[in-house]
Amino acid sequence: MVLKRTDCWLAILLLVFCAFAAWRTTFMPSTGAGSQAGPAFFPWLAIGGIALLSVGLLVRGLRLSPESNASETTSSGIQYATIVLVLFILLMIGYAMVFERIGYLPSTLATFVIGMLLLRERRITQFLLVPALIIACVYFGFTHLLSVYLPT
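Numbering (this note's numbering), first residue to last: 7 to 158.
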């Protein structure tokens, strides 16, 4: 991977986010009854997963050899990875703005496909079929297994 430094910074940013989210989650009441998970269960699960993957990204970024750190730059000298990170932030802000208005399925599918195109995925089966399968599984998991209905 050619994004050693970007991977490290992104991992550190995600770990800072996890620390903030963990701090805020401690303020949630834990009212789980018996074998039922309380309202803080899913946030802690997400925080743990993001933190674990962020540590993996950080380790991978630190283990890459220095000669593989050559990254593409645009004509103005800005690295492509920086542009992609900024576009991803804008994409997530847009996703948060339209999620409830147009629903989970279309907004998540569009965000997923646009994100994969930003990462230069060009195989149609990869950027259309994989997101559709993942989104359908998540939707099924929330609606049928957890009885949490997402905006449609």
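Each residue gets a CB set at the ideal place from its N, CA and C atoms; glycine is no exception.
Residues Thr117, Ile120, Gly121 and Leu124 of the same chain have their beta carbon placed closer than 8 angstroms to that of leucine 97, with the five preceding and five following residues left out of the count. Looking only at Phe33, Phe133, Cys14 and Ile95, the smallest Cα-Cα distance to glycine 62 is reached by Cys14. In this structure, threonine 114 lies near valine 144, with their beta-carbon atoms less than 9 angstroms apart. With 16 or more other Cβ atoms from the protein chains shown falling within 10 Å of its own Cβ, phenylalanine 133 counts as buried. Judged by DSSP secondary structure, threonine 117 falls within the alpha helix (DSSP H) whose first and last residues are 110-124. In the structure shown, the three-state DSSP call for serine 153 is coil.
About 12 angstroms separates the CB atoms of tyrosine 101 and proline 157; that is not less than 8 angstroms, and the two are not in contact. In this structure leucine 21 does not touch alanine 46 by the C-beta definition: roughly 20 angstroms separates them, more than the 8 angstroms allowed.
Per DSSP, reduced to three states, the secondary structure at proline 35 is coil, with no helix or strand assignment.
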